[in-house]
Structures are given as structure tokens and as C-alpha cells.
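Notes follow the structure.
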RNA sequence: GCAGAAGUGGUGGAAUUGGUAGACACGUUGGACUUAAAAUCCAAUGGCCAUUAUGGCCGUGCGGGUUCAAGUCCCGCCUUCUGUACCA
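Numbering (our numbering), first residue to last: -12 to 1027.
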């Protein structure tokens, strides 16, 4: 009757697989519920205990919903395109498909042994041509669409063409490239085919354009903004530079407002955490203000201006204009200069001859600095005057035009109107270069800093807006700008269009070929266009992406097949696109594909989407906040515009699970000694600043935690211990270390340790030890350690006598390089999957970051053993034929457990329900409960958490069917009704003792009884109570 | 700088939304069983003081406030984590 978890878990996992227990049907009388996990990238390292956390939570919820009578869709798959498999291919020549396949096998084995209730019949892999056919298909739909701002949705490009043919583009309210020029219907019809295609690209929702991109030379590819962290690549941490390239982009900016609305105003639609919504909101970065056009004063006028003090107001020759965006149009009369980004197109055009050298030098110097440098160095103020002036739109005063790297080319228009009195950066710039700082705020002191508080402002010295507040002045300025045609109200977004091409092999190929340099879509019926074979996964010698190495990579428009490159004749055979799609392409619609994953004719059938609608619960990491989760929302809205999906948002509720952190183990190592000239301070020998040499030890010395702490080393700095200070133990230890060091140095060097002219410092560094060599008491298995790090096989380990070598512990992110990874395989082997599942939940709230500590698992493991014991009478036959009536206590325990567990699951408070189970089992054990009426429903409660043991015991109780769809027990309040309450009696708010009273006892009677109690007399010590507060059913408080 | 979240025993964390702070576990200590170990079981465990049983004082990052009553509400700070940043 032993609880043999390994055997039981295998048995039920096989049972579920064989009977397809968790296969979901696309129609059912039951209500539907869709629980989704973010699908994993199958990395070569496999899973660590942190990975399944979210899967366990979603699995508990999915199983719970099945008990509650829902038809549950709980699929899983793989985001299997990506960099690591390709990097591995570059190094080894092994095809990424093979690496990926192997990794998936490992993942599947690891997932299976945890006992998830996934419907594996619906598995998708983004790298499977049958899947990416539909990624390519969505891409084509995007290409064939434009964004109509009047109807506020995506529409077919053919409608746009019709409008161009009929009326040109002047009155079309579409989201398009900024540089789109206006044309008439006649002009459109006169354009050549290629010209028309060029114009249409400026409107399409995915388009090819020369854009400034983040280029990562080390990875040989471009990166999206969300793939860059702190100025370096997210993967590998390589530097990133700005570069102009022709790239596919996604016009996500067209959806900026709708993406924002979904999280901002329409909150009931999107039950996501505030933190996540906030992140997306910041990323979209909406700012409302105005665009203002400043005319640049021509150079000849500037000369006139410089020779005479008088201003020439009759200028007519306006050649250049500068557009700026401002959130403070009300401060327009405070403008005293303008600043352009050094990269701004106009810089070379407007710079005067005298300033040319200085400007060129500055532009060059800025270009050399990496984005990261510029970001790190915020404090330094730099800039150069261009020599040019712009004209104030209202006052017509000349305004000097500067360039400065505090203005970013990639935000807004790359130019600002500088208002030093109202913006600190402009203020600092003006102070630094001695530019005037006119004050336009009434009664505000700006002698020390700018005044940026727009809500407490009255505008002054500002012509027609004097005396107005921010709101009124803004409105008026925008009106006046519109009157003179030099500006308008404008909303600006930080969100940029997303670059969609990658110069990589292991990604979705584009269904695109090129005729006369213009991209053409391959018709839907010929999809998928599968990845070609290449000999090398590196870029070609001419710098083309890896697909440039393919020999069979041309499109034959007659046969509609991929053919040999040799056949390219630009008549019927054309070159195919060499870029591939980015990682987020495949993850942007996978949740909908799960609804109908094997459909070869459609991305999903109408019936499937009508039935499943959208994801009800999505669980995954918050690191995808501004990547996947934003892109997927964008694609969903596009699919909604096409009428393909019934919801604007793909996931109703989203939870970000926290991370499980590792507990790293550190050992202190002395591996070198630094020799200095000695000097004496207060008669004590210490090292002088004069360094002689560093002596590296052949065999390092490792110091146990307490050993090193008692010696009181200052870590990593090193400390001179030559002098005889400290107590006896310390001296002995110091001597021991010195002896070991001396035994290792050459005869030439020994003088440094014996001669009084020298002092030496032992340099202590801390290195990670693999946590598998460390036990719960932080003792290091030194033999296993030296076995693992062979270079230390002759190292000395120093620790206290009669003790063992102790490591230091610290909590860090779990990672291979920190040797703190705990493999779920080991946990499942030693404690079972049910213990792993329970323990991961028991660690703490789902959303929280928390450290893993394998030792703690004995708590939940012991709980399962106790649970098992409760059911032994049903297995050993001792209860055969006997029906035991539940006692009142039994029922009370059961029903309070039902209530709490149900509430906890609904609130995703899984940690507290594990506690509740423990309490229930402890109580039922104490009650010696053998009633089936209690123990049967208890199993259903526990089954979502520990499904294997639940199935096994369910079977032991005589069931032939799986527990997975057994009805969730119904809570009955009547079992919890109490007739008395143990009232806490407090005095001035401090509880002193308790008295039991009937619950129906009146306030007055309780008060009397409390005052009559002799313990009350003791507490009051003769004082009269001023007041007695009685809260029936809760508490009594005596004030005195 | 801005935004969001969080500070509770040696540790992970509970606390019915203002009503007995520290549930449930880990760890530690003591005990039982055992030749021994493991496993299992029992007891104690926030700190300080007192002890013959009883008891007393302090305690949820810090300082104030509201209240019969504050971990929970209000005001002002401090610290940590996460995101983001010359965003005009």
C-alpha cells in the first residue's frame, strides 16, 4: 500500500494519452472555455523548474473548468523558428530543422511527465510549412490592405485604387508614409505601372521601404525595438547601430489609437494587469499637441540681417521649412532657438558657409557615437549653431537654428522648437550656449530652472494669448496656426512601424518575388512557399541574407513553382525575397489556429472561430509586453477588420506569472597574490601603492564561508594579512594560507613572502559552484566539485575543524551560466510530478518572483503521503461493504475546504488552496475519517492540482471513468453554521482572552457577561469601563 | 526623471478587505521508534522579561494622523524590484 508515485504517474499519463482524455471537440452542449499558455521556444537546454510554473497554473484552471462542466480547449505547441537553432547550424552545419526536432522531443518528454492536460492533437509548430502557410497568408492579406481613417479600419487595396482612379489621393484619409505626395486622378492614370506600385506601397499595411533600422553586425541582422535592451541585442548582448536599409515593415502605427483604446478606455474588454497595460501604453506613447511649420530664412536674407539691425519683413523667398511637433503650443512665444537632430535632412541644406566646418565635424562626431553612448551620456550638453535662422510664425522674429544630439532623429520630426523657459533640456542648452531665455509665464521665477508645470500657468508676453491658461492658449494658438497655414493640432505616437524582415535563414520565407524591383505576392493557392535548402547558413559573400545561398530560389509565374535560380529571365521567372520573417510573425495568430489546426483550406473555419471566439485565459511572462502581446493584438485587430474573427482582442484575461529564481552557490577562491612594496603605519606592516608583481597560484585555495568570514577578508579587494593582528584562530588560519601559498611559489619569488620589504595581498574572488553539489545545509561536495571543474583537482579546501566546506548562497535568475538550474526531471524522479505541481503553486502567489528551494518540497510530498494514507482502508479491503456515515466534523472540514478552494481558484490564488488541502487532510486524519461521502469529493478538489494521485485513489474508490470530468462538489453552507462564537475580548484594542457565547446572544447580554467575568475585573483593576463595543459574531472591545 | 508593484519571524508566505498578526510549510531545537541511518510520529518555535501554574512589555520599512479597534484607511518620508527614458 505504499504511495509509489513514479508508477502511478506513468500509469495515468499513459491512460490519458491512450484515451485522448483531454481532446477538445469543436462543438459541444457544454459551455466553452479556452485556456492558453504562451508556447515555448524549444531551446537545447530543456526545461528548468521555472518554466512549468505558468503551465501548471493554467493546467489547474483548465482541469477545474472541466470539473465545472466546461468544454475546455487547452492546447500546446512550439514557437520553433528562432536564432539559437540557426547559430548552432552555423557552427556545426546541422540543419536547424533537425536541432529543432530533437529539442522538441526533449520538451515533449519533460512536459508529459508533469501530467499536463494538453490536447496534443492540436499541436502547432511555427516552423512547420503547414502552419507557416497561414503566416504567409496573413502577410499577403496585410499587403493587400490599407488603413482608412474615415471608416477607422483596414480595407482592401482595390478600393483605394478605385478612389485614386476617380479622384486622386488629395481627399483620402489614410495612414500612409509621411513623404506621400498628392496627385490627381489624371496624374494617377498617367503613372506607369511601376510608379503606381511604388505609390501603393506607401499605403499598404505591410510595405517595403528604405528605413533606418537597428542593425546588429554581430548577428548579421536587423532587430526590432523590443529586441534591443539597453542599447544592445536582447540575444547575445551585441552592439546595435543605426543603418538605412530597404526592409519590410508593418504599419502598426495605423492601429496605434485602437491599440491604446483597448487598454485605456475600454477596460472591461481587456482583463489584463495594470502593469502590463501601463507598459503598452508607454510603448505606444501618445502625445497630443500641434505640428508647427517654421519657415527658414534664406541665406541672402541672413546676410542682410547680419549687416543691418533692421529686420526685413518683406521676405518672399521661402525655400525651406522645418516641421516640429510640440505638446506645448501655448509656449510658442517663448521660442528663442530651434534644434535639429544632427541626422536631420535639412542640416546640410541650411548650414552657412562660415558654420559648415563646425557643423560637419559635429555631425561626424555624433554619427560615430553609438546609440548606447548617447543614451549613457545624458549630462553632457553639446551642439553647434548652423548659422541659419527660422522665422517665428507670429512675431516674424528670426530664430537661430542649432543642431544638438539631445534631439533624436527617430522621434517626432527630428526637430524641436526650443522653449527654454518651459523645458529643462532647452533651458540647459540655452544656458550652456548663452542663448536668451525669454520668460512667458506670469509671476514665475525662471532664473534657476525651467518651469514645466503646465497646469499652473498663466501666459504672459505672448501677444494674443496673454493672460490665458494652458488649455485656452493651446486652443487659440492651434487656431491661429491653422489660419496662417503654418500648423495644426496633431497627435504623435512613440510607436514606430515594425520592421518585419530579418537577414536570417531559420524563419518564415516571404511569399514574394520581384518584377522590375517591385514586390509581387504569390497567389494564396500556391502557399506555402517552403524554406529552400542552403549549403551555408551565413550571409553570402556579397552580403545578402542566407537565402542568397540557395540555388533553387526563383519563382516561375507560368508553372507557379519554385525553380532553379539559373532560370531567372525576368520574363516569366523572377527572383524570390531573400529575407525571412521575424520571430513574432508565427506567434501573432497561433491562438486562433489552435481552434482548427489541421485545416488545409482556411486559417480556421468559420465554425471553429464562432465556437471558440477568443482566448478566455492567457498565461505567460511579462517580458512579452511590448513585443508579442502588442503585435498579436495588432494582427487580431486586422483580422477583425477583415471580418475573420469576432473579437477585437484575442485574449480576454491575461496573467503574467512571476519568475522562479535560482539559489546560486558561491565559493571563495584565492588564485593570485599581489606583491607590493611594504611600508609601515603605526609600526604595522602594510602594502604601499607601489605594485611589484602578481603571482598566480598553480592551485587555488578555496575558503569555506565561515572560514573566510571569521578571517574578515574584504572580498574581491583583497586584504593584507601579514601583520600579526586578530585572535589566535585567525592567526593560525592566516598562517595556514600563507604556508600553502609559499609552497607554490618559485624559489625566486619566495623572498616576497619572507622579506620585510614586501607586503602581499591575497586576492579573493567568488565563483559559482553547481548547486547539485550542495546539500540543504549548504555543504559542498568537494570531490564532486573537483570532478566537475578538473582544473581545481589539486586545489586546497580550507574549512573549520570538524566541519564541512560551506558555500555562500544568493538568489539569482535561473541560468545555465550560474549553475543554479534545477531540472524538473530530477524532482519528478525523486518526489513525483504531483509534488512538483503542488510545490510550484505552494511557493507563493503566481504573479510573484520567488526563489526555488528544493528542500522545501518535503512539505507537499509529506502531504501527499498523508492523503494517500486516508484512502488505504479502501485499498486493503478493510472497509469492504461498509458505508461510513460522515460526522458533523467531517462535513464541516469538507465544506469549508470546498468553499475556500473554489474561491482561491477563481482568484488564481493557488498557493493558499494548497495550504487549505493540507489543513483538510490534517483535520480528516485527526478525525480518522473513513467516509466515502467525504473522501470522494475531496479527490475532485485536489485533482486539478495533483491529478495522478487523484485518478489512482478515484479508481481505488471504485470508479471506472477518469476523474477529469467528475462534477466539482457543491458547497453547502449549512454544514458551516455555528451556534456559538469564541469571542476575542480586547481591552483598548488589545486582545486578552476569549469567551464563548451563543451567536444569537444579544449585545446587551454579551456586554453584561463580559463585564461580569473576573478576568475583566483583573484587566480593569478597579477602573470603570467608559464604553463597551460589541460587534456580534466578531469581537468585544472594552474601553477604559 | 517618469510610471507601476512591493516592504510582515531565520526562510517561502497567510490574514475573511478595519476586528484574536504570523495560517500552511521549510528550517531549527528537543523527544519517540531504530544496533544505526533514512523514513515516520510527537512537542516547542516572532522578540524581550518574569515564572510556582498564572503573566507582562514590544512587535507588520520609518514618522505622524483617523478610529473603540490599523499589516489593512489618510498625510509625509525611506528602501527594494520591474518597466521606460534627452519623447519635444
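We put the beta carbon where it would ideally sit given N, CA and C, even for glycine.
Quiz item: At which residue ranges does the stretch 183 to 237 contain complete beta strand (DSSP E) runs of 3 or more residues, listed in the order of the chain?
Solution: Qualifying beta strand (DSSP E) stretches, in chain order: 193 to 203, 208 to 210, 228 to 237.
Quiz item: Taking DSSP as the reference, what is the three-state secondary structure of residue 63?
Solution: Mapped onto the first chain, residue 63 falls at position 76. Residue state, collapsed to three classes: coil.
Quiz item: Is it true that the CB of residue 195 sits closer than 9 Å to the CB of residue 148?
Solution: As a working note, residue 148 is residue 161 in the first chain. As a working note, residue 195 is residue 208 in the first chain. The beta carbons of residue 148 and residue 195 sit no closer together than 9 Å.
Exercise. For residue 319, I'd like the list of residues in its chain whose CB is within less than 6 Å of its CB, leaving aside the five on either flank, ordered along the chain.
Key: Here residue 319 refers to the residue found at position 332 when the first chain is read from its first residue. Taking residue 319 as the centre and dropping the five residues before and after it, the same chain places the C-beta of 464 closer than 6 Å to its C-beta, in chain order.
Quiz item: Which value, in whole angstroms, describes the spacing of the CA atoms of residue 600 and residue 405?
Solution: As a position in the first chain, residue 600 is number 613, starting the count at 1. As a position in the first chain, residue 405 is number 418, starting the count at 1. Their backbone Cα atoms lie some 50 Å apart in a straight line.
Quiz item: In chain order, what residues of the same chain have a beta carbon less than 7 Å from the beta carbon of residue 853, not counting five sequence neighbours either side?
Solution: Here the question's residue 853 lines up with position 866 in the first chain. Excluding residues up to 5 positions away in sequence, 908, 912 lie with their Cβ nearer than 7 Å to the Cβ of residue 853 in the same chain.
Practice problem: Kindly list the residues whose CB is nearer than 7 Å to the CB of residue 594, restricted to its own chain and excluding five residues on each side of it in sequence; keep chain order. | Solution: For this step, residue 594 is matched to residue 607 along the first chain. So the qualifying residues of the chain are 13.
Quiz prompt | Three or more C-beta pairs below 8 Å linking the stretch 761 to 776 and the stretch 672 to 679 | solution = Contact fails: fewer than three Cβ-Cβ distances are below 8 Å.
Self-check item: Cβ pair count under 8 Å reaching 3, the stretch 471 to 479 against the stretch 270 to 284
Solution: The answer is yes - the stretch 270 to 284 touches the stretch 471 to 479, with three or more Cβ pairs under 8 Å.
Quiz item: Grouping DSSP H, G and I as helix and E and B as strand, with all else coil, what is residue 1034?
Solution: Because the chain is modelled from -12 through 1027, residue 1034 falls outside the range shown and cannot be assessed.
Exercise. Count the other CB atoms, across all protein chains shown, that sit within 10 Å of the CB of residue 451; report buried if there are 16 or more and exposed otherwise.
Key: For this step, residue 451 is matched to residue 464 along the first chain. Around the beta-carbon of residue 451, fewer than 16 other beta-carbon atoms lie within 10 Å, marking it exposed.
Quiz item: Does DSSP put residue 994 in a helix, in a strand, or in coil?
Solution: By one-based count along the first chain, residue 994 stands at place 1007. Three-state DSSP puts residue 994 in a helix.
Self-check item: Boundaries of the alpha helix (DSSP H) in which residue 267 is found, first to last residue
Solution: Along the first chain, one-based indexing puts residue 267 at 280. From DSSP, the alpha helix (DSSP H) with residue 267 extends over 261 to 271.
Practice problem: Leaving out five residues on either side along the sequence, give the residues of the same chain with a beta carbon under 8 Å from the beta carbon of residue 986. | Solution: One-based indexing of the first chain puts residue 986 at position 999. If the five residues before and after residue 986 are omitted, its C-beta is found closer than 8 Å to the C-beta atoms of 965, 966, 967, 968, 1019, 1020, all from its own chain and listed in chain order.
Exercise. Could you tell me whether the Cβ atoms of residue 202 and residue 488 are closer together than 9 Å?
Key: Here residue 202 is taken as the residue at index 215 of the first chain, counted from 1. Here residue 488 is taken as the residue at index 501 of the first chain, counted from 1. No, they are not a contact pair.
Quiz prompt | Pick from 866, 309, 736, 604 that is closest to residue 660, judged by C-alpha positions | solution = As a working mapping, residue 660 is identified with position 673 in the first chain. Nearest C-alpha to residue 660: 736.
Self-check item: Stretch-stretch touch, CB-based, cutoff 8 Å, three pairs: the stretch 571 to 591 with the stretch -11 to -4
Solution: No, the stretch 571 to 591 does not touch the stretch -11 to -4.
Quiz item: Any idea if residue 733 is buried or exposed, counting beta-carbon neighbours within 10 angstroms, 16 or more meaning buried?
Solution: The residue you call residue 733 lines up with position 746 of the first chain. Burial is judged here by how many other beta carbons sit within 10 angstroms of a residue's own beta carbon; residue 733 has fewer than 16 and is exposed.
Quiz item: If you count every other CB in all the chains shown that lies within 10 Å of the CB of residue 557, and 16 or more means buried, which is it?
Solution: Indexing the first chain from 1 puts residue 557 at position 570. Residue burial is scored here from C-beta neighbours: residue 557 has fewer than 16 other C-beta atoms within 10 angstroms and is therefore classed as exposed.
Self-check item: Reference residue 956, options 326, 884, 898, closest by Cα
Solution: Within the first chain, numbered from 1, the residue matching residue 956 stands at position 969. Across the set 326, 884, 898, the C-alpha of 884 shows the shortest separation from the C-alpha of residue 956.
Quiz prompt | Assumed close pair residue 482, residue 272 - CB separation to whole angstroms, cut-off 8 Å | solution = Counted from its first residue, the first chain places residue 482 at position 495. Counted from its first residue, the first chain places residue 272 at position 285. Contact flag correct, Cβ pair sits at about 6 Å.
Quiz item: Considering only residues of the stretch 495 to 535, which uninterrupted beta strand (DSSP E) runs meet the minimum length of 3 residues and lie entirely inside it, listed in chain order?
Solution: Runs of the beta strand (DSSP E) inside the stretch 495 to 535: 499 to 502, 505 to 508.
Quiz item: Relative to the alpha-carbon of residue 370, which residue among 342, 379, 380, 378 has its alpha-carbon at the smallest distance?
Solution: Here residue 370 corresponds to residue number 383 of the first chain, with the count starting at 1. Distances from the alpha-carbon of residue 370 to those of 342, 379, 380, 378 put 342 closest.
Quiz item: If you scan the stretch 877 to 947 from start to end, which runs of the alpha helix (DSSP H) of 4 or more residues do you find wholly inside it?
Solution: The alpha helix (DSSP H) runs of length 4 or more contained entirely in the stretch 877 to 947 are, from start to end of the chain, 897 to 913, 919 to 929, 934 to 943.
Exercise. Tell me whether the beta-carbon of residue 321 lies closer than 9 Å to the beta-carbon of residue 426.
Key: On the first chain, position 334 is the one that residue 321 refers to. On the first chain, position 439 is the one that residue 426 refers to. Between residue 321 and residue 426, the CB-CB gap stays under 9 Å.
Exercise. Rank 394, 945, 414, 995 by C-alpha distance to the C-alpha of residue 330 and give the top, closest one.
Key: Taking the first chain and counting its residues from 1, one reaches residue 330 at position 343. Nearest of 394, 945, 414, 995 to residue 330, Cα basis: 394.
Quiz item: Taking all protein chains shown into account, do 16 or more other C-beta atoms lie within 10 angstroms of the C-beta of residue 374, making it buried, or fewer, making it exposed?
Solution: The residue given as residue 374 occupies position 387 in the first chain. Residue 374 should be labelled buried.
Self-check item: Alpha-carbon spacing of residue 952 relative to residue 862, whole angstroms
Solution: Locating residue 952 in the first chain gives position 965, counting from the first residue. Locating residue 862 in the first chain gives position 875, counting from the first residue. Rounded to whole angstroms, residue 952 and residue 862 show a C-alpha spacing of 23 Å.
Exercise. Just confirm the distance between the C-beta atoms of residue 441 and residue 315, as a whole number of angstroms; I'd bet it's less than 8 Å.
Key: On the first chain, position 454 is the one that residue 441 refers to. On the first chain, position 328 is the one that residue 315 refers to. Indeed, because the Cβ distance is near 7 Å, the residues count as touching under 8 Å.
Quiz item: Going by Cα to Cα distance, which pick from 223, 174, 233 is closest to residue 199?
Solution: Against the first chain, residue 199 aligns to sequence position 212. Nearest to residue 199 by C-alpha distance, out of 223, 174, 233, is 233.
Quiz item: By Cβ distance, which residues of its chain are closer than 7 Å to residue 265, with the 5 residues on each side in sequence left out?
Solution: In the first chain, residue 265 corresponds to position 278, counting from 1. The same chain holds no residue with a CB closer than 7 Å to that of residue 265 once the five nearest residues on each side in sequence are set aside.
Quiz item: residue 385 bridges to which residues according to DSSP?
Solution: Within the first chain, residue 385 is the residue found at index 398, counting from 1. DSSP lists 378 as partners of residue 385.
Quiz item: Which residues share a DSSP beta bridge with residue 143?
Solution: As a working mapping, residue 143 is identified with position 156 in the first chain. In the DSSP output, where bridge partners are listed per residue, residue 143 has 132.
Self-check item: First and last residue of the uninterrupted beta strand (DSSP E) at residue 607
Solution: Mapped onto the first chain, residue 607 falls at position 620. Per DSSP, residue 607 belongs to the beta strand (DSSP E) from 602 to 607.
Self-check item: Distance, residue 531 Cα to residue 937 Cα
Solution: In the first chain, counting from the first residue as 1, residue 937 sits at position 950. In the first chain, counting from the first residue as 1, residue 531 sits at position 544. C-alpha separation (whole angstroms): 58 Å.
Quiz item: Which residue's Cα is closest to the Cα of residue 744: 722, 421, 70, 672?
Solution: For the purposes of this step, residue 744 is taken as residue 757 along the first chain, with counting starting at 1. For residue 744, the closest of 722, 421, 70, 672 by C-alpha to C-alpha distance is 672.
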